[in-house]
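Asks:
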Amino acid sequence: MTKIVISEPKTKKSYQIEKDIPSLVGMKIGDKFDGSTVGLNGFSLEVTGGSDKEGFPMRKDLDGSARIKALLTKGVGFRGGKMKKVKGKMKFFKVSGMRKRKYIRGNTVSEDIMQVNCKIVEGEGDVAMILGIPPKEKPAETKE
């Protein structure tokens, strides 16, 4: 089973569904596909990323579907720097010249990919209604 995370940029909401979709295998980050493959008729989706079964992220600038240990300076899969406390919160600050060797995946969806991230490019309508996801109700607030 593959988890598909569908993001809707207009409303800034995301929806998760679990389906086994062999038609996504072989697609690259940035490829567009018809939304009817995931149950969204009338929508067009674009692959924006994903991660494999161990949680290693896909990276757009690495061709293929293999997992490699690359020397990174910035971008997806890299969180380099030192932690400093700023206004009571710990934050990362980039150290000039820092590089790290990290495991990352290529930009092609394969059978080992467990999560595929997509965004809606074209189409109108209520995505939650089409997917059958019930709306969340806010609990009633009591004033005392």
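So the sequence shown is numbered by our numbering: it starts at 2 and just counts up by one.
Just so it is clear, CB atoms sit at the ideal spot from N, CA and C, and this is done for glycine as well.
#1: Hey, would you say Tyr-25 sits closer than 8 Å to Val-77, going by beta carbons?
#2: Touch check for the stretch 67-76 and the stretch 101-109: three-plus C-beta pairs under 8 Å?
#3: Measure from the alpha carbon of Pro-23 to the alpha carbon of each residue in Asp-113, Glu-125 and Ala-141, then state which is nearest.
#4: My parser needs the beta strand (DSSP E) runs of 3 or more residues fully inside the stretch 22-86; what are they?
#5: Given a threshold of 16 other Cβ atoms within 10 Å of its Cβ, counted over all protein chains shown, does Asn-42 qualify as buried or as exposed?
#6: My understanding is that Ser-45 touches Val-122, with C-beta atoms under 8 Å, so please give their C-beta distance in whole angstroms.
Replies: Reading from the atomic positions:
#1: As a position in the sequence shown, residue 25 is number 24, starting the count at 1. As a position in the sequence shown, residue 77 is number 76, starting the count at 1. Correcting the residue identity first, residue 25 is Leu in this sequence and not Tyr. No; because the gap between Cβ atoms is not below 8 Å, this pair is not in contact.
#2: yes
#3: Taking the first residue of the sequence shown as position 1, residue 23 is located at position 22. The option with the nearest alpha carbon to Pro-23 is Asp-113.
#4: 33-35, 45-53 and 68-73
#5: Within the sequence shown, numbered from 1, the residue matching residue 42 stands at position 41. Per the 10 Å Cβ criterion, exposed.
#6: Numbered from its first residue, the sequence shown carries residue 45 at position 44. Numbered from its first residue, the sequence shown carries residue 122 at position 121. Ser-45 to Val-122, Cβ: 5 Å. Contact.
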